[in-house]
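Quick notes on the structure that follows.
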Amino acid sequence: MRSRFSSAMAIPLFVAWSAVAAPLCEKSQIRLVNSMRELAQPYHANLDKGGRLFARWAGLEQNYVLQLNQGDSDKQISLMRGLLSTNPACTIINVEPNADLVIKPMVDAANRSGAWIVSHWAHNEGLHPFNGNDHWIAHVAVDSLEAGVAISRRLVDAIGGKGGIVALQGRLDTDPARKRFAGLQQVLGKQPGVKLLDQQTANWDRTAAFPVMQTWLAKYGNQIKAVWAANDDMALGALEALRAAGLAGKIPVVGVDGIPEAIEAIRKGEMIATVSSDAYYQGSIGLAMGVCVLTGQAPQPKTWPKEKREFYLALQVITKENAASFSGEPQVSAYAREWDCANLWGRSTGKAF
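Convert by adding 433 to the 1-based position in the sequence shown; the result is the number in my numbering.
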């Protein structure tokens, strides 16, 4: 059974709706779309699993569509536009953007066509759902700076505040990558005994991270006391290089996303920490919001207060002490309460603007 965020971690923002709105679509007409990069990375695979879990729970399994862009931002936009040639008004698109700049054209397409969109992670600076974007239901944000700080503190503590570290960055055209690394820099600014030996982007990908880590091991040798990675997939690529060198479990490694392989590595002592925003939840909550609006169980988003349209999710740091509670496949029972139309903001920690 997967661990759930306790209610004490979230600030309830919802107030029960005073009236039920008129349905905008027949339930059978509602189309659920998850738009993401690929399924090869476990985080994205779990986004899809979360979406499919919700679709089955909502009785819309046959209406679920998965769109994969393979890291091509133009393709992500094109796939959406092509889909909206039919039934746009009853289509809900839950988007994990390939890059920040993807969101504006996708929101514009939704506004023009009458489709509905929920975005995650990052979007263009200064762009918000509540600024005249009536069909942009919400932006579900993750405080990537907070995530970067959390794993960085644990990494520094693991080496006693002394020694050299290397850092694997994500795609530099994404807000999460920039902010997670800023979190590392913030922590290092207060730790004069820790030196950043090298940093390089591996574009969120473990196959790219593996040779980078091998190169660093050859170049810096025993100067490397710890490895920082902006996501778990890159952390696992670095870990493979450490295993090949007989150093797994000897050099602390941290990542972000809370994917199953990283959690297992933490349980085995090969990684020390990751941070989870719960990919299963992120792959489903936007679809749940859309269904609530289209079935009339929630009013149209343009009437919602700002903090319901752009908000931060509660984060959970996963370490060896609590890793076991995050293992296993998701169950409907772990999410059904948050999918209920009266509790869509159960994991919000407040506004993200």
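Glycine residues also receive a C-beta, built at the ideal position from the N, C-alpha and C atoms.
It should be emphasised that the depicted structure is a prediction, and the values quoted were computed from it without experimental measurement.
Here residue 465 is bridged, per DSSP, to 497, 525. Residue 651 counts as exposed, since fewer than 16 other C-beta atoms from the protein chains shown sit within 10 angstroms of its C-beta. Residue 502 sits close to residue 512, with the two beta carbons spaced by under 9 Å. Boundaries of the alpha helix (DSSP H) harbouring residue 695: 693-701, taken from the DSSP string. In the structure shown, residue 574 adopts extended strand secondary structure according to DSSP, grouped into three states. Under the three-pair Cβ rule at 8 Å, the stretch 610-626 does not count as touching the stretch 643-658. For residue 640, the enclosing alpha helix (DSSP H) covers residues 639-653. For residue 596, the closest of 515, 764, 658 by C-alpha to C-alpha distance is 658. Under the three-state reduction of DSSP, residue 540 is assigned to helix. One thing to note: residue 510 has its Cβ no nearer than 9 Å to the Cβ of residue 526.
In the structure shown, residue 579 adopts helical secondary structure according to DSSP, grouped into three states. Per DSSP, the beta bridge partners of residue 709 are 749.
Ranked by Cα distance from residue 458, the first of 737, 522, 562 is 522. The shortest CA-to-CA distance from residue 757 to any of 777, 771, 694 is the one to 694. Residue burial is scored here from C-beta neighbours: residue 770 has fewer than 16 other C-beta atoms within 10 angstroms and is therefore classed as exposed. Judged by DSSP in its simplified three-state form, residue 607 adopts coil rather than helix or strand. The criterion of a C-beta distance shorter than 9 Å is not satisfied by residue 634 and residue 668.
Annotation for residue 661: no alpha helix (DSSP H) segment contains it, though the beta strand (DSSP E) segment containing it runs 657-662. By the Cβ neighbour-count rule, residue 605 is exposed, with fewer than 16 other Cβ atoms within 10 Å of its own. Residue burial is scored here from C-beta neighbours: residue 629 has fewer than 16 other C-beta atoms within 10 angstroms and is therefore classed as exposed. 712 is the residue among 491, 712, 627 whose C-alpha sits nearest the C-alpha of residue 474.
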